Amino acid sequence: HASNIQTQIHALFDRFVQAQTCKETQQNFIELCRHLKVEPRDYKHFYSKLKDRLNYWKAKDLWQKIDKRAAHPDYEQGQACHQHKCLVLGAGPCGLRTAIELALLGAQVVVLDKRVSFMRNNVLHLWLYTIRDLLNLGAKKFYGRFCSGSIHHISIRQLQLILLKLALILGVEVHTGVTFEGLLEPAGGSTGWRAQVSPGSHTAAAFEFDVFISAGGGRYVPDGFKIKELRGKLAIGITANFVNRHTKQEAQVQEISGVARIYNQKFFQELQSEIGVDLENIVYYKDDTHYFVMTAKKGSLLKKGVIKQDFPDVNQLLAPANVNQEALQEYAYDAADFSTDHMLPDLEFAKNHAGRPDVAMFDFTCMHRAENASLVKERKGKRLLVALVGDSLVEPFWPLGTGIARGFLAAFDTAWMVRNWGKGVLPLELLAERESMYQLLSQTTPENTSKNYASYSIDPSTRYPNVSLSCIKPTQVKHKVLDAHLLTCKSCKCHTTVTSLRRLEDLLSWCQKNTAGYKHVKVKDLSESWRSGMALCALIHNFRPELIDLSSLDEYNITGTNKLAFDLMEREFGITPVMRASEMTTCGKIDQLSMVVYLTQIRNALTEKET
Ligand code: FAD
69 HASNIQTQIH ALFDRFVQAQ TCKETQQNFI ELCRHLKVEP RDYKHFYSKL
119 KDRLNYWKAK DLWQKIDKRA AHPDYEQGQA CHQHKCLVLG AGPCGLRTAI
169 ELALLGAQVV VLDKRVSFMR NNVLHLWLYT IRDLLNLGAK KFYGRFCSGS
219 IHHISIRQLQ LILLKLALIL GVEVHTGVTF EGLLEPAGGS TGWRAQVSPG
269 SHTAAAFEFD VFISAGGGRY VPDGFKIKEL RGKLAIGITA NFVNRHTKQE
319 AQVQEISGVA RIYNQKFFQE LQSEIGVDLE NIVYYKDDTH YFVMTAKKGS
369 LLKKGVIKQD FPDVNQLLAP ANVNQEALQE YAYDAADFST DHMLPDLEFA
419 KNHAGRPDVA MFDFTCMHRA ENASLVKERK GKRLLVALVG DSLVEPFWPL
469 GTGIARGFLA AFDTAWMVRN WGKGVLPLEL LAERESMYQL LSQTTPENTS
519 KNYASYSIDP STRYPNVSLS CIKPTQVKHK VLDAHLLTCK SCKCHTTVTS
569 LRRLEDLLSW CQKNTAGYKH VKVKDLSESW RSGMALCALI HNFRPELIDL
619 SSLDEYNITG TNKLAFDLME REFGITPVMR ASEMTTCGKI DQLSMVVYLT
669 QIRNALTEKE T
C-alpha cells in the first residue's frame, strides 16, 4: 500500500513538472501538496518540508540547484526579509522572477494575475546571462528543449510555466483570475496596506503587505509614478505563430536571428517585388511554434489592403475596425513562407488565447519608461515600499530583445532593495540607491554587464562592473520617491539623511569653472547646456588637451560631437554613457538626473587624475 502511494506521489510530481498549462500546474501542485501533507501557506517551511517528504530520485537534481541558489549569502538563509510581506501584481516573466527572489529572501509572497491561462506563443530572444540564470534554477527539468536550438530563445508561455513552478515550490502563493484594482490605505489600528481586487471576495483581499511590486506589463502604472513617453518614427510590428509539428523537414529550416534591411537589401527588394511585402526587418525562431516577427512599412500594408484607410493618428490607423484580418493573415503568411524559402511545409496558424489564428499587428512607435523605479508611501504609521519591474518600469524595444534581460536585472535590483528594506536601511538612502541602479538599466548591454554569469546574484556589484550605488544622492530623489505625506512629516527619521542641495550647485560651478572661455560653450545648468556635446568636449580638453582636436568639432553635428565625447569618456576614464549620442538630437528634454549622474562620475574621474 505504501509503495502504491509513493508511485502515485511520484506520478503527481512528474505531472506537475511537465504540466503544459497554468491550470494543470496549479492543480497538480495542490494534489501533490495534499498527498504529501504539506501546507503551501506555511511558506517559511514549505520548501524544506516538500523536499524532505518527496523522496524521489527524479527531484534530486532540482533540489540541488535550488539549494545552491538558496545558500547564497545574500539571502541570509532565508532570514533577510523574514518579517516582510510582498504583493506582486502580475505573473508575467518579470513578476514571477521577482517573486522567486523575494521568497528566497524569506518574505511571504503573494502574486496576482488577472489572466487564468498562459497563452502567449510569442518567442523571446534571451541574453546569455538569463539562460544561465534559468539553467541554474532547473529550467531544463521543466522544459527539456530549453535553449536547445541554434539561437537562444523561449516562448513567453514556457518561460512563465518554468517560473510559476519554481515560485510554487518556493512557497509563493499565486492567484490567477484576480484583477488588482488599486491599493487600499491602512484603516488605522493594526491594519496594514491591502489591495482592492476583483472578485472582491477573493482571499487575496485580506492580505496585508509592506512591499508592493508592480509587474503588470507595459500599460500598467500604479499611482505616484510618472511615465515618460519616447516617441520614434512610425513603427508597425506584426507577429505570427504557425504550428510546429517537429518533423525532420521543419527541423532543417534555418532560423533567422534578425535580418535588418540595411544588411540584406537584396532579400527585402525581392520580397517586395515578388510578393509586395515591404519590411524593415524580420526574425524567425523555431520553438513551440514557428514564430515570426517583423516590422512592416505602412505603404505596403495599405496597398495589400491590410490597413483599410490611412490616418495620421496611429491608434486610428491600427484600430480593429481599420484592419482587415484576412489580409493581415495573408501578409504574414507570405512573409513567413518567402523568408524561409518555402521550406516550411503546410504552414498553419497556431491558435491564440481566443482560439483564433495567432497573428497580431501592433504599434511600437511610442515606448514608455517610468521616471523612477520605486517610492515609499506612509499612512497611519504604516510604510509601504512600492517598486516597478519589467515592462511596467521600462518598455523594451523588441528588435533589441532587451525585455527579459533588463526585466530580470530590474527584478534582481528590486530584490536587493527589498533586502535592504529588511535590514532597516532608511527610505531615502534605499531609494537613492535603487534610482542609481535604475539610471544604468537602459544602457545595459551584454557587453557592458559582467561576463562572470556564475557569480550573478541580487547584489548589483556582481552584475554591473564599476557600479556606483551612490551616484544619486538622497536629496536628488526626495521629491520623486517619497509621497507627499512622508515629505511633510518632519518627524520622519529619513530626513536626517537628506544632504543639502549644495551638492548640485557645487557640481554646476565645477563644470562652469572648467569649461570657461571655450568657444560655443556656455554652461548654465545641468541639462540643456550639454546638448550640443561641445561642453563635454571642452571638459575633456581642459584636463587632457591631447585627446581632442577642438578645431575639428562642429557644434551643429550634435550626434557626432556627443559620440566623440561619450566614446572618449568611456575609453579613457571608463565612464559608461547614460544616454545615446543620437538621443541628444531629439527634441525631448535632457534628463537632468541622468546628466547629474554622468557629470558626477566625470568630475570624480577627472579630479582624481588631477590630484
Ligand atoms: P507581462 O509579460 O506583460 O506580464 C504582465 C502580467 O500582468 C500579465 O500576465 C497581465 O495579465 C498581468 N496584469 C496586468 N494588469 C493586471 C491587473 N490589473 N491585475 C492583475 N494582473 C494584471 N523581450 C525579450 O527579452 N526578447 C525578445 O526577443 C522580445 N521580443 C518581443 C517581441 C514583441 C513583438 C513584443 C511585443 C515584445 C517582445 N519582448 C521581447 C518583450 C517581452 O515580451 C516583455 O519584456 C516581457 O513579456 C515583459 O514581462 P513582464 O512580466 O514585465 O510583463
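For what it's worth, the working numbering labels the leading residue of the sequence shown as 69, then goes sequentially. In this text, a Cβ means the ideal position worked out from N, Cα and C, and glycines have one as well. Predicted model only: the values in this text are computed from it and were never measured.
- Taking the Cα positions, G163 is about 5 Å away from A283.
- Rounded to whole angstroms, A79 and S71 show a C-alpha spacing of 12 Å.
- Straight across, the Cα-Cα distance linking E241 with V106 is about 14 Å.
- One alpha carbon belongs to T513, the other to H436, and they sit about 19 Å apart.
- Listed in chain order, the alpha helix (DSSP H) runs fully inside the segment 79-167 are 90-104, 111-121, 125-138, counting runs of at least 4 residues.
- Cβ contact annotation for Y288 (same chain, cutoff 6 Å, sequence separation greater than five): S460, in chain order.
- The beta-carbon distance between G174 and Q147, rounded to whole angstroms, is 5 Å. This is short enough to meet the 8 Å contact definition.
- Within the segment 364-450, complete beta strand (DSSP E) segments of at least 3 residues are found at 427-431, 434-438, 442-447, given in chain order.
- If you check the C-beta of T307 against ligand 1, you find a heavy atom less than 7 Å away.
- Residue environment analysis places C434 among the exposed positions, since fewer than 16 neighbouring C-beta atoms fall within 10 angstroms of its C-beta.
- Per DSSP, Q511 is not a residue of any beta strand (DSSP E), being assigned neither H nor E.
- Inter-segment contact for the segment 218-228 and the segment 185-201 is present: three or more beta-carbon pairs are separated by less than 8 Å.
- Cβ atoms of F476 and T198 come within 8 Å of each other, at about 6 Å.
- A438 has its Cβ no nearer than 7 Å to any heavy atom of ligand 1.
- Take T470, set aside five residues on each side of it, and the residues of its chain with a beta-carbon closer than 6 Å to its own are P464, in chain order.
- Residues L594, V664, L667, T668, R671 of the same chain have their beta carbon placed closer than 8 Å to that of L575, with the five preceding and five following residues left out of the count.
- Secondary structure note for K296: its beta strand (DSSP E) is the uninterrupted segment 295-299.
- Contact between N420 and M652 is ruled out by a C-beta separation of about 41 Å, above the 8 Å threshold.
- Beta-carbon to beta-carbon, V535 and P542 are separated by about 18 Å, too far to satisfy the 8 Å threshold.
- Annotation for T247 indicates a beta carbon within 7 Å of some heavy atom of ligand 1.
- Note on Q88: under 16 other CB atoms within 10 angstroms of its CB, so exposed under the neighbour-count rule.
- In this structure F430 is exposed. Its beta-carbon is surrounded by fewer than 16 other beta-carbon atoms within 10 angstroms.
- The straight-line gap separating the alpha-carbon atoms of S258 and Y211 is approximately 44 Å.
- Inter-residue distance for F248 and L508 is about 30 Å (C-alpha atoms, whole angstroms).
- Around the beta carbon of S662, 16 or more other beta carbons lie within 10 angstroms, which makes this residue buried.
- Only residues of its own chain outside the window of five on either side were considered, and among them T627 have a CB closer than 7 Å to the CB of S650, listed in chain order.
- For the pair A167 and V156, the CB atoms are nearer than the 8 Å cut-off.
- For Y352, there is no enclosing alpha helix (DSSP H); the enclosing beta strand (DSSP E) covers residues 347-354.
- Its Cα nearest to that of V382, the residue R299 stands out among Q397, Q322, R299.
- In the structure shown, the three-state DSSP call for T543 is helix.
- Of the residues Y124, I295, R137, V246, the one whose Cα lies closest to the Cα of D181 is V246.
- No Cβ-Cβ contact shorter than 8 Å links D135 with K209.
- Distances between the C-beta of W598 and the heavy atoms of ligand 1 are all 7 Å or more.
- Sixteen is the threshold: since fewer than 16 other Cβ atoms of the shown chains lie within 10 Å of the Cβ of Y331, the residue is exposed.
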